[in-house]
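Chemist: Sharing a structure here in structure tokens format.
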Amino acid sequence: MLYIGVADIPGSDDHEGYVAGLSADGSYTDIWTDVRHGGTPGLLAYAPACECGWHGRSHPSDPGGYRAAAQDWLSEHFAVLDPARPVLAGLGRPLCPDTDFLIAPDPARHRTLA
Numbered sequence: 009m010l011y012i013g014v015a016d017i018p019g020s021d022d023h024e025g026y027v028a029g030l031s032a033d034g035s036y037t038d039i040w041t042d043v044r045h046g047g048t049p050g051l052l053a054y055a056p057a058c059e060c061g062w063h064g065r066s067h068p069s070d071p072g073g074y075r076a077a078a079q080d081w082l083s084e085h086f087a088v089l090d091p092a093r094p095v096l097a098g099l100g101r102p103l104c105p106d107t108d109f110l111i112a113p114d115p116a117r118h119r120t121l122a
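Residues are numbered in our numbering as their position in the sequence shown, beginning at 1, plus a constant of 8.
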């Protein structure tokens, strides 16, 4: 999730968020791994993550858990960054994932038939 909102937030490029998979050994998948459709075996949970190294609390590895992890990154990490606070206060509205962020499309929802 890359911030592309109407107002510039200094340093926001260093905080690209993603949903990581959490393995039994405690390791997380990286920003390049799409965990949405079971392509990564052995994941126990989803967790919000940021390329800066931040990780949030885990959620069940189901569609609801994926959405909750993505929302946690937004509300518990990105929206509380010091450079973001004054910009967000000036917007007069909460951040919207659909308009303020570039989000990788779900490959299972965007398949075309040959």
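Built from N, CA and C at the ideal position, the CB exists for glycine as well.
Quick check on Gly34: does DSSP put it in helix, strand or coil?
Modeler: Of the three classes helix, strand and coil, the one that applies to Gly34 here is coil, per DSSP.
Chemist: Going by C-alpha distance, which of Ala112, Arg93, Ser35 is nearest Pro49?
Modeler: Of the candidates Ala112, Arg93, Ser35, the one whose C-alpha sits nearest the C-alpha of Pro49 is Ser35.
Chemist: Please tell me whether Ser6 and Ala53 are closer than 7 Å, where the distance is taken between their beta carbons.
Modeler: Here the chain has residues from 9 to 122 only, and residue 6 is not among them.
Chemist: By the three-class DSSP mapping on this structure, what secondary structure does Val27 have?
Modeler: Strand, per DSSP.
Chemist: Can you give, in chain order, each stretch of the alpha helix (DSSP H) that sits fully within the region 42–113 and has at least 4 residues?
Modeler: If we require 4 residues or more, the alpha helix (DSSP H) runs fully inside the region 42–113 come out as 71–80, 92–99, 105–108.
Chemist: To the nearest angstrom, report how far apart Val43 and Gly98 are at their CA atoms.
Modeler: Looking at the two C-alpha atoms, the distance is approximately 34 Å.
Chemist: Beta-carbon within less than 6 Å of Asp22's beta-carbon, same chain only, minus the 5 sequence neighbours each way: which residues are those?
Modeler: Cβ within range, chain order: Cys60.
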